[in-house]
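Q: Just so it is clear: in the sequence shown, position 216 is 216 by UniProt numbering, and no numbers are missing.
Pasting in a structure now, in structure tokens, and then I'll have a few things to ask.
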Amino acid sequence: MLNDKNMKHILKTVAFLLLAIVSGCDDYVRTSVKQYIYVNKEMLNMFVGEQAQLKASPAEITCNWQSEDTEIATVTATGLVEAVGAGSTNIVAFYGDIRTKIPVTAVVKIPLEDVALNTAFVELFIGGSFIFTTTPVPLNANNVERFSWHSENETVATITSSGEVKAIQEGVTNIIYRCGDITKTIIVNVVDRVQAFQGPHILSAAVPCIIPIRDFDTGGEGYAFHDSDATNSAGSTYRRDNGDSNSPGVDVQADGAIGYTNADEWLMYTVQVQDAGDYLIDVNLSANSAGAMHIEVDGKNVSGSVPLPSDGGWSNWIWRPYPAITVTLSTGKHKVKYYIETANHNINQIRFTHQE
Numbered sequence: 001m002l003n004d005k006n007m008k009h010i011l012k013t014v015a016f017l018l019l020a021i022v023s024g025c026d027d028y029v030r031t032s033v034k035q036y037i038y039v040n041k042e043m044l045n046m047f048v049g050e051q052a053q054l055k056a057s058p059a060e061i062t063c064n065w066q067s068e069d070t071e072i073a074t075v076t077a078t079g080l081v082e083a084v085g086a087g088s089t090n091i092v093a094f095y096g097d098i099r100t101k102i103p104v105t106a107v108v109k110i111p112l113e114d115v116a117l118n119t120a121f122v123e124l125f126i127g128g129s130f131i132f133t134t135t136p137v138p139l140n141a142n143n144v145e146r147f148s149w150h151s152e153n154e155t156v157a158t159i160t161s162s163g164e165v166k167a168i169q170e171g172v173t174n175i176i177y178r179c180g181d182i183t184k185t186i187i188v189n190v191v192d193r194v195q196a197f198q199g200p201h202i203l204s205a206a207v208p209c210i211i212p213i214r215d216f217d218t219g220g221e222g223y224a225f226h227d228s229d230a231t232n233s234a235g236s237t238y239r240r241d242n243g244d245s246n247s248p249g250v251d252v253q254a255d256g257a258i259g260y261t262n263a264d265e266w267l268m269y270t271v272q273v274q275d276a277g278d279y280l281i282d283v284n285l286s287a288n289s290a291g292a293m294h295i296e297v298d299g300k301n302v303s304g305s306v307p308l309p310s311d312g313g314w315s316n317w318i319w320r321p322y323p324a325i326t327v328t329l330s331t332g333k334h335k336v337k338y339y340i341e342t343a344n345h346n347i348n349q350i351r352f353t354h355q356e
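The structure is reproduced here in structure tokens:
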């Protein structure tokens, strides 16, 4: 049981501990909380003559405003900034000893008058691309609005936001560039890399279409033909003399035939079908020894492997196969490929005859 003496002792002990705690707290360094003025803009980039409203917080204080150079920018008591001259300065927001600076850069507005393009017309092969570039007029224009690119027919060609056009399929479309009130039109013509040589080669019901074998398409190696070597062993310059410089290695002979054939070489012919229907396809050739070939139309083997019996020479011209290959063709353009499966035959002509 506590008596008065024990109670007094306990109270003194508690008082001593409280005093020690308070004294211990006094040993810590007391730091003040730094105060700031927060402004809704970290910096201002302005044209001369423009205005911008600054707002300060906390809202409980009445903030004062000041410009460090009133020949560049002025500021009202409510924080409305106006750029009055070119240059750089600071707008100061202050309250008592608290100060916040907002950098201001002012330039004279130079309007965009026009846009120059690197071309107004471009021709592309299917799958090809081209990058359009723009140049502001004047060059130092600094008041440039957002721009956009647009293709009027994206089935022919598409355009990216950076001005790169890509050719999709044959045709013509307009590419439109817009920047503010400025509009530019670029014509894009998309063509097939592989084109008829000495054409067009028209297939109709009127008469058979006979194409000299040397008149395979233009477009070059891997597109219009495949030759296993780059040397023209036959020596004719017929292709180059008639405007095609991309097939120097094809073995065109003086008589117009193609010789020195090897397995897996091929020749492409673009034909235009006027009258749809069944056509007989045969080839005028001479096989020094037995071989084989096949015909492809639009990338599909339509004949299967066609055996070529030996004719016993290089210029014993015979139309083969017999009977001829029958192919159904719709109106319009088609790609016909003569594919050499086995070497050792010379080729002179390819013939298309409409079947009634």
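Cβ coordinates follow ideal geometry from the N, Cα and C atoms, glycine included.
#1: For F225, count the other beta carbons within 10 Å of its own beta carbon; 16 or more makes it buried, fewer makes it exposed. Which is it?
#2: Are the beta-carbon atoms belonging to A93 and I72 less than 8 Å from one another?
#3: Run through DSSP, which three-state label would Y238 get?
#4: DSSP state of S162, grouped into three classes?
#5: Return the residue from the list A254, A59, I187 and Y279 that minimises the CA-CA distance to G171.
#6: Find out if the Cβ-Cβ distance for the pair V273, L329 is shorter than 8 Å.
#7: In this structure, what does DSSP give as the bridge partners for G87?
#8: Quick one: any contact between the stretch 72-82 and the stretch 46-53, if contact means 3 or more CB pairs under 8 Å?
#9: Quick check: Q253 and T218, are their CB atoms within less than 8 Å of each other?
#10: Is E123 helix, strand or coil by DSSP?
#11: Measure the alpha-carbon distance for R239 versus D264 and round it to whole angstroms.
#12: With distances taken between CB atoms, is the gap from L54 to I98 smaller than 8 Å?
#13: Apart from the five residues just before and just after N301, which ones in its own chain have a Cβ nearer than 7 Å to its Cβ?
#14: Take I211 as the anchor and find which of G87, T270 and F130 has the nearest alpha-carbon.
#15: Between the alpha carbons of V33 and K101, how many angstroms are there, rounded?
#16: Under 8 Å, do D275 and A324 count as touching if we go by C-beta distance?
#17: Please give me, in chain order, every unbroken run of the beta strand (DSSP E) with length at least 3 that falls completely inside the stretch 137-200.
#18: Which residues share a DSSP beta bridge with P212?
#19: DSSP beta-bridge partners for E296?
#20: Count the other CB atoms, across all protein chains shown, that sit within 10 Å of the CB of W149; report buried if there are 16 or more and exposed otherwise.
#21: For V207, report the span of its beta strand (DSSP E) as first-last.
#22: Whose C-beta lies closer than 6 Å to the C-beta of D114 among residues of the same chain, with five residues either side of it excluded?
#23: What do you reckon, are the CB atoms on V165 and F121 nearer than 8 Å?
A: On the basis of the supplied data:
#1: buried
#2: no
#3: Here Y238 sits in helix by DSSP.
#4: Here S162 sits in coil by DSSP.
#5: I187
#6: yes
#7: A106
#8: Yes, since at least three Cβ pairs between the stretch 72-82 and the stretch 46-53 fall closer than 8 Å, the two stretches touch.
#9: Cβ distance not < 8 Å, so Q253 and T218 don't count as in contact.
#10: strand
#11: 21 Å
#12: no
#13: H294
#14: T270
#15: Residue confidence for V33 is low, a pLDDT of 49 falling below 50, so the modelled location carries little weight and cannot support an answer.
#16: A324 sits away from D275, with the two beta carbons spaced by 8 Å or more.
#17: 147-151, 157-159, 164-167, 171-179 and 182-191
#18: Q349
#19: N301 and K337
#20: buried
#21: Run containing V207: none; DSSP gives neither H nor E here.
#22: V137
#23: no
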